[in-house]
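Have a look at the structure below, then the notes.
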Amino acid sequence: QAKQAGRNTLFYFNETLQPMLEARASLEADLRHALSADQLQPYYQIQVDAQRRPLGAELLLRWLHPVRGWVSPGEFIPIAEESNLICELGDWVLNAACAQIRAWQDSAGARALRLSVNISARQFEHDDFVDQVARLLSLHACQPRLLRLELTEGLMLKKSPEVIEKLVRLKAMGLSLSIDDFGTGYSSLAVLKHFPLDELKIDRGFVSDLPGNADDAILIKTIVAMGQNLGLEVIAEGVETQAQFDFLRQSGCYAYQGYWLGRPMAVEAFDRELEGFYEALAEAEARAQSAQ
Ligand code: C2E
Ligand code: MG
Ligand code: MG
Ligand code: MG
499 QAKQAGRNTL FYFNETLQPM LEARASLEAD LRHALSADQL QPYYQIQVDA QRRPLGAELL
559 LRWLHPVRGW VSPGEFIPIA EESNLICELG DWVLNAACAQ IRAWQDSAGA RALRLSVNIS
619 ARQFEHDDFV DQVARLLSLH ACQPRLLRLE LTEGLMLKKS PEVIEKLVRL KAMGLSLSID
679 DFGTGYSSLA VLKHFPLDEL KIDRGFVSDL PGNADDAILI KTIVAMGQNL GLEVIAEGVE
739 TQAQFDFLRQ SGCYAYQGYW LGRPMAVEAF DRELEGFYEA LAEAEARAQS AQ
């Protein structure tokens, strides 16, 4: 019986796990190469306020694999996170982010957008992380207030003094901090008050069934109200319909991001889209004026 099970296990390993491990290893090697081979590209997705005024953008990484085509960050970020590759990748992203902030700073002046960047827990925990952020900000001469770091709930879970100390140092540099995918982890709003955060980003899982789902509707209202009480900007991700936008706006949400407002896109397209937002705002203003 045991022999049989052993043989089955071996069979399972050979037939299923082995190819999976190989595919993973080859993707990791390809990703390592992608960094130097110019296969990675930052995409940008707009964030607006309740009047649809542009507030910022989120940088979302894209990988054009020479054979597989587009590989989603949902697939390659976890692979990078299992090795130190995430730190190299994270540096690459932060460098791209600072270069873009500088470009917007130079071209848009006071209208320059704030850029949010996703930070992996492992990248954040690296001893050098805070210094590296400082180095890149100064290398590109960008205004720190235009950089926002999106951290994960997992990081907050431990309430460790090291984590808090790093967050305090980052805040002292003048940048702002967000907690991404809020509600999917195990942290509570009570825990959040121990951290010097600026923004709470509601996971799109709570948004997708709005406004019909009564449980999600209550959760949203509760998160928004408590976020407000803690002095945090509350942003909703995954806003796909006008009905979701309207519900969130009525709930007092501060900022909005999602396909209904704009897809993630390369910077040239993003800059054009941004102009469209400003034109729409100007038109709405002109209409309001002539109606008076
Ligand atoms: P995230 O930070 O929560 O980003 C939001 C994800 O939702 C993005 O997926 C975005 O394209 C997608 N999204 C935006 N609006 C909508 C919408 O209206 N509907 C739906 N269904 N989806 C929407 P993406 O770009 O595939 O990224 C997936 C995740 O990969 C991100 O989740 C983030 O955790 C991670 N990621 C992406 N870029 C980076 C990066 O540069 N560094 C790190 N560490 N992680 C990254
Ligand atoms: Mg994010
Ligand atoms: Mg998110
Ligand atoms: Mg998410």
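Each position in the sequence shown, counted from 1, maps to that position plus 498 in UniProt numbering. Even for Gly, the Cβ is constructed at its ideal location relative to N, Cα and C.
Rounded to whole angstroms, what is the Cα-Cα separation between residue i and residue j?
{"i": "L557", "j": "P540", "result": "6 Å"}
{"i": "K501", "j": "E579", "result": "Low confidence applies here, because K501 scores a pLDDT of 48, under 50, leaving its location unreliable; read the following figure in that light. Distance between the alpha carbons of K501 and E579: 37 Å."}
{"i": "A780", "j": "G760", "result": "19 Å"}
{"i": "L635", "j": "L673", "result": "10 Å"}
{"i": "C640", "j": "C596", "result": "7 Å"}
{"i": "Y776", "j": "D589", "result": "32 Å"}
{"i": "V737", "j": "D679", "result": "13 Å"}
{"i": "G774", "j": "A784", "result": "15 Å"}
{"i": "P564", "j": "S788", "result": "54 Å"}
{"i": "V546", "j": "L772", "result": "10 Å"}
Compare the Cα-Cα distances from residue i to each of the options and report the closest residue.
{"i": "A782", "options": "R551, L675 and Q537", "result": "R551"}
{"i": "I599", "options": "F574, R566 and H638", "result": "H638"}
{"i": "I677", "options": "L645, V591, S658 and L653", "result": "L653"}
{"i": "Y684", "options": "D701, P517, K669 and P694", "result": "D701"}
{"i": "R667", "options": "G681, L687, S686 and F693", "result": "F693"}
{"i": "R612", "options": "M518, L538, L553 and I716", "result": "L553"}
{"i": "D536", "options": "V615, L690, N593 and W561", "result": "W561"}
Can you tell me whether residue i is buried or exposed, with buried defined as 16 or more other CB within 10 angstroms of its CB?
{"i": "E697", "result": "buried"}
{"i": "N582", "result": "exposed"}
{"i": "A656", "result": "The sequence given here places Lys at residue 656; Ala does not occur at that position. Flag for K656 reads exposed."}
{"i": "R770", "result": "exposed"}
{"i": "S524", "result": "exposed"}
{"i": "Y542", "result": "buried"}
{"i": "Y752", "result": "buried"}
{"i": "T720", "result": "exposed"}
How many whole angstroms separate the CB atoms of residue i and residue j, which I take to be in contact at a CB cut-off of 8 Å?
{"i": "residue 471", "j": "L746", "result": "Nothing about residue 471 can be read from this structure; the chain reaches only from 499 to 790."}
For chain B, find out if any of its Cβ atoms is closer than 8 Å to the Cβ of residue i; answer yes or no.
{"i": "D604", "result": "Within the model displayed, chain B is absent; a lone protein chain is all it includes."}
Does any heavy atom of ligand 6 sit closer than 7 Å to the C-beta of residue i?
{"i": "Q543", "result": "Ligands in the displayed structure: ligand 1, ligand 2, ligand 3 and ligand 4; ligand 6 is not one of them."}
What residues does ligand 2 have around it, judged by CB closer than 5 Å to any heavy atom, in chain order?
N616, E648 and D678
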